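To keep things clear, I will list the structure first and then write my remarks on it.
Numbering (my numbering), first residue to last: 13 to 448.
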């Protein structure tokens with residue numbers, strides 16, 4: 013019987029081959045600090061880096077090892093606004109403000125990689141968004157207009173007759189190219205931020221699980237598995253791993269499992285033919301897939317919602333392999349070397365959020381744009397602390413909707429997933445499949 017698993021298959025991220033989670037450089041938790049940051053992902057490290065560079069005493073608390081969370085579990089795509097589109101239901105001015113903020117997040121990643129000399133295979137090669145139906149293709153005009161109006165996105169529609177200039181597949185009904193987009197190695201980028209924050213003077217402590225918070229006069233007291241820490245200010249940067257210790261925040265975000273596989277090395281000619289312009293791929297499907305070549309161009313990294321909750325590699329990998337083969341039939345016989353899962357945090361309004369709750373800063377709800385958005389929001393929290401509270405980020409606002417009865421456990425996700433899949437199947441079935 014043919015197996016989809018390569019010899020030596022690993023149920024862990026492909027990215028960890030280059031930069032595995034570590035406790036190297038971890039220091040004992042101090043008794044007191046100016047700012048305590050909970051979570052050593054992109055947001056927490058970006059905040060710590062900016063604060064430390066400006067002379068603030070800052071401590072970063074990581075529950076597990078550095079690099080064990082969502083920051084090293086992503087696909088490594090870096091967008092400039094496409095993932096927040098579903099939340100743009102307000103006025104045009106507000107929508108433009110959000111899109112400009114998202115564009116700034118792309119600039120921030122570009123600038124911080126250059127300034128800190130982070131070697132993370134950063135490539136600004138653009139993105140192709142495949143239209144799942146002909147109607148989806150027609151609707152891409154509005155998305156292109158929005159992106160081009162608010163930033164130099166270089167967004168343009170690609171008809172189905174020209175689609176193979178972007179992807180060696182007939183699966184889509186045309187699509188949208190967004191030049192202002194890129195990709196990187198997420199674990200190496202995280203490692204670079206970690207080292208930059210440490211160089212700047214941030215105190216980084218692994219294995220410091222925060223169980224609850226108290227107030228003592230004008231200080232917060234963080235009770236952790238590594239001891240107590242007093243801090244003047246606190247920033248919660250836990251995103252899809254937000255826990256019951258911050259219940260008001262937890263009930264406003266929905267952790268959704270996203271799954272990824274990496275293939276065995278492909279023949280060089282085959283790998284080069286898949287995406288002639290080396291773009292990152294995504295699609296308009298509700299239960300979408302996203303994929304790209306690995307930084308060295310040797311293999312495919314393919315992700316998607318195999319299910320909306322966590323599962324084992326034996327249940328996830330075959331589903332993703334099938335999705336991959338539907339889009340790229342030439343890879344149907346290709347085996348898988350790695351499979352892993354991480355949480356993506358969605359907000360109910362599909363907009364990223366930062367602000368203050370119970371006196372503590374927070375940045376959550378990246379909605380699938382974690383690399384750029386969480387880096388940007390972490391930096392924005394730092395600037396807010398340093399400036400004494402002046403509002404400068406469009407995602408810093410009081411409105412942060414939740415849902416009545418929801419406490420942070422997304423019991424409804426299998427139902428939502430089934431509904432979305434049914435809608436996707438129906439839309440595809442009634443699509444005329446005529447070249448766009």
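Ideal Cβ positions, reconstructed from N, Cα and C, are used throughout, including at glycine.
For clarity, every value in this text was computed on a predicted model and none was experimentally measured.
Between residue 376 and residue 88, the CB-CB gap reaches or exceeds 8 Å. Residue 367 sits close to residue 374, with the two beta carbons spaced by under 8 Å.
Within the region 308-343, the complete alpha helix (DSSP H) runs of at least 4 residues fall at 325-339. Look at residue 62 here: in three-state DSSP terms it is helix. Distance from the Cα of residue 320 is smallest, within the candidate group 422, 439, 219, for 422.
Collapsing the DSSP output to three states places residue 347 in coil. By the criterion of a C-beta distance shorter than 7 Å, residue 345 is surrounded by no residue of its chain, once the five residues flanking it on both sides are discounted. Ranked by how close their Cα comes to the Cα of residue 166, the residues 352, 91, 214 have 91 in first place. As far as DSSP is concerned, residue 173 takes part in no beta bridge. Excluding its 5 nearest sequence neighbours in each direction, residue 249 has C-beta neighbours in its own chain below 7 Å: 49, 50, 51, 53, 55, 56, 59, 375, 390, listed in chain order. Under the criterion of beta carbons closer than 8 Å, residue 294 and residue 139 qualify as touching, at roughly 6 Å. DSSP places residue 149 in the uninterrupted alpha helix (DSSP H) bounded by 146-162. Apart from the 5 residues on each side of it in sequence, residue 180 sits with its Cβ closer than 8 Å to the Cβ of 285, 286, 287, 288, 340, 342 in its chain, given in chain order. Contact between the region 69-80 and the region 25-35 is present: 3 or more CB-CB pairs across the two stretches fall below 8 Å. The region 345-360 makes contact with the region 273-284: 3 or more CB pairs, one atom from each, lie closer than 8 Å. Boundaries of the alpha helix (DSSP H) harbouring residue 388: 382-399, taken from the DSSP string. In this structure residue 168 touches residue 156 by the C-beta definition: roughly 6 Å separates them, less than 8 Å.
Boundaries of the beta strand (DSSP E) harbouring residue 71: 70-74, taken from the DSSP string.
Looking at the DSSP output, residue 25 shares a beta bridge with no other residue.
In the three-state scheme derived from DSSP, where H, G and I count as helix and E and B as strand, residue 228 is classed as strand.
Rounded to the nearest angstrom, the Cβ distance from residue 38 to residue 217 is 6 Å, consistent with a contact under 8 Å. By the Cβ rule, the region 306-320 does not count as touching the region 226-233, because fewer than three pairs are nearer than 8 Å. With contact defined as three or more Cβ pairs closer than 8 Å, the region 195-205 and the region 130-138 are in contact.
Each residue's CA atom was taken as its position, placing residue 437 and residue 300 some 12 Å apart. In this structure, the alpha-carbon of residue 62 lies about 26 Å from that of residue 28. Each residue's CA atom was taken as its position, placing residue 265 and residue 425 some 13 Å apart. Apart from sequence neighbours up to five positions away, the residues of its chain that approach residue 160 with a beta-carbon distance below 7 Å are 167, ordered along the chain. Excluding five sequence positions before and after residue 20, the CB atoms of its chain that fall closer than 8 Å to its own CB belong to 349, given in chain order. Around the C-beta of residue 144, 16 or more other C-beta atoms lie within 10 Å, and the residue is accordingly described as buried. Boundaries of the beta strand (DSSP E) around residue 303: 301-305. If you ignore the 5 residues before and after residue 65, its C-beta comes within less than 6 Å of the C-beta of 212, all in its own chain and listed in chain order.
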